[in-house]
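Asker:
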Amino acid sequence: MPHTTAFARNQWYVAAYSHEVGREELLGRTILGEPLVFYRTEEEGTPVALADRCVHRRYPLHEKPSRLDGDRLVCGYHGFTYDTSGTCVYVPGQKRVPRTARVASYPIVEQDSLIWVWIGDPALADAGTIPRARHLDSPGWVTVRGMEPIDADYGLLVDNLLDLSHETYLHGGYIGTPEVAETPITTEVDEGAGIVRVSRHMDDAECPPFYAKSTGISGRITRWQDIEYHAPCLYLLHSRVAPVGVVPEADGSDPGGFHTEVTYAITPSEDGKVYDFWAVSRDWATDDADVTEFLRGNNHTVVMQDVDALNLLQRTLGSERTGYQELSINIDTGGLAARRILARLVEEGDKPVEKVL
């Protein structure tokens, strides 16, 4: 059987970037096996999430010629019309609307240029538990971003991102150098908050092309990779590079370092499929369009290397004999902690974790 990770339903997941949800086009996404349609209201521009299947003949509501009539969503097959709560307010050929004519609506929050949705019990949806990624839309930061669907279990993407030693081998020539795999990690786990932190600090390392070409650094560097994973969805990599010998000032300011925030939202679509939302944010060279385009193209290449590797891994695991034994080592400490937390979120009845930020 293919590798599968159970879904924790009573949690917040990123469904889209803010710019993807509008009124010109209805957006369809499948989150935790639930087909959803997204749009914005006409006056306030508030995002709306409804089940993406008309109650009449199950036509996908995001598909053309479905359309918006004010804040109401009109099914493009027979014209059943829904308000923002999912209640059907019009059916063709009769005045009475059946009591059962409604589709589910989902709690939705727009924060840090991300659209978060809650698939589980609406009564448990607390927007205060959503982790922050303020750099994605804060002044002074420039972000490149994208999303790639992967035909692999979402737990495999969590494993991938929490063990960056694979950069040396899978991403050599882009972000990987020998020192990444050779440097030991430190791992901290906050079980109660559902947060895993994995750090790798390299005092004297080769500067990979990703940073050499974007920052202009020549020669060797000090390099910090500090991961902060908020189960189940948000992954933050606080990255810093500086020429060897450059150290922070006594007041904590950084005279010669380059800070980059790498963000991933890991959103299960259905069994064996995951949305890989990725973003790279920087507070340096913010007016340099060439740097922006370089980082966009370079990081997309890196993401696609992960996509190809995880697609292959999912197919491989699906063909493994029953009872095969997986081997884990020190570099897997963070990933194993994440697996444990994800399993607990499911076993405990999907109670939302208390985020302490």
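All letters in the sequence shown, in the order written, are residues 1218 to 1574 by our numbering. Ideal placement from N, C-alpha and C gives every residue a C-beta, glycine not left out. Predicted, not measured: the structure shown is a model, and the values here were computed from it.
When DSSP labels each residue in this structure, what does I1546 get in the three-state scheme?
Answerer: Here I1546 sits in coil by DSSP.
Asker: Tell me which residue opens and which closes the alpha helix (DSSP H) that F1475 is part of.
Answerer: It is not in any alpha helix (DSSP H) - F1475 instead sits in the beta strand (DSSP E) that spans F1475 to E1487.
Asker: Less than 8 Å between the C-beta atoms of D1288 and T1258, yes or no?
Answerer: Taking 8 Å as the Cβ cut-off, D1288 and T1258 qualify as a contacting pair.
Asker: Residues in its own chain within less than 7 Å of P1460 by CB, not counting five upstream and five downstream?
Answerer: Excluding positions up to five away in sequence, the list reads I1434, G1436, I1438 and G1473.
Asker: Excluding five sequence neighbours on each side, which residues of the same chain lie with their C-beta closer than 8 Å to the C-beta of C1305?
Answerer: Result list for C1305: V1272, F1297, T1298, Y1299, V1314, P1315, A1318, R1319 and V1320, in chain order.
Asker: Alpha carbon to alpha carbon, what distance is there between E1543 and E1242?
Answerer: Their Cα atoms are separated by approximately 44 Å.
Asker: Mind the definition here: the segment 1342-1349 touches the segment 1277-1286 only if three or more C-beta pairs lie below 8 Å; say whether that holds.
Answerer: Contact between the segment 1342-1349 and the segment 1277-1286 is absent, because fewer than three Cβ pairs lie under 8 Å.
Asker: DSSP state of I1444, grouped into three classes?
Answerer: The answer is strand: DSSP assigns I1444 an E or B state.
Asker: Is it buried or exposed for T1360, if we count other Cβ within 10 angstroms and need 16 for buried?
Answerer: Label assigned to T1360: buried.
Asker: Taking 8 Å as the cut-off, does the segment 1245-1261 touch the segment 1508-1517 (at least 3 CB pairs, one atom from each stretch)?
Answerer: Counting Cβ pairs under 8 Å, fewer than three are found: no touch.
Asker: When you compare each of A1369, A1268, L1373 and G1357 to L1553 by their alpha carbons, which one comes out closest?
Answerer: When each option's Cα is compared against that of L1553, the closest is L1373.
Asker: Can you tell me where the alpha helix (DSSP H) with G1535 in it begins and where it stops?
Answerer: That run of the alpha helix (DSSP H) goes A1506 to G1535.
Asker: So what does DSSP say about F1255, is it helix, strand or coil?
Answerer: It is a strand residue.
Asker: Who does E1405 pair with in a DSSP beta bridge?
Answerer: For E1405, which the question treats as bridged, DSSP gives the partners R1414.
Asker: Restricting to Cα atoms, I'd like to know which of G1303, D1505, L1562 and D1504 is closest to H1447.
Answerer: The residue with the shortest Cα to Cα distance from H1447 is L1562.
Asker: How close, in whole Å, do the beta carbons of I1332 and Y1323 come, if the pair is a contact with beta carbons under 8 Å?
Answerer: Not a contact, Cβ separation roughly 11 Å.
Asker: Cα separation between H1236 and I1546?
Answerer: Their Cα atoms are separated by approximately 41 Å.
Asker: Is I1558 closer than 8 Å to E1408 when the C-beta atoms are compared?
Answerer: Result yes, Cβ atoms of E1408 and I1558 sit closer than 8 Å.
Asker: Between which residues of its own chain and E1365 is the CB-CB distance below 6 Å, once the five residues before and five after are set aside?
Answerer: Within the same chain, E1365 has close Cβ partners D1493, V1520 and V1524.
Asker: Could you check how far apart the C-beta atoms of I1412 and E1445 are, in whole angstroms? I think they sit under 8 Å.
Answerer: I1412 to E1445, Cβ: 7 Å. Contact.
Asker: Quick one: residues in its chain with C-beta nearer than 8 Å to the C-beta of N1377, no 5 flanking neighbours on either side, listed in chain order?
Answerer: Once the five neighbours on either side are set aside, the close Cβ partners of N1377 are H1383, D1523, A1526 and L1527.
Asker: Can you give me the C-alpha to C-alpha distance between F1255 and D1269, rounded to a whole angstrom?
Answerer: Roughly 9 Å between the two C-alpha positions.
Asker: Excluding the five sequence neighbours on either side, which residues of its own chain have a C-beta within less than 7 Å of the C-beta of V1406, listed in chain order?
Answerer: These residues qualify, in order along the chain: V1413 and A1554.
Asker: Mind checking whether L1451 and P1348 have CB atoms under 8 Å apart?
Answerer: Yes, these two residues count as a Cβ contact at 8 Å.
Asker: Secondary structure at E1399, three-state DSSP: helix, strand or coil?
Answerer: DSSP places E1399 in helix when its eight states are reduced to three.
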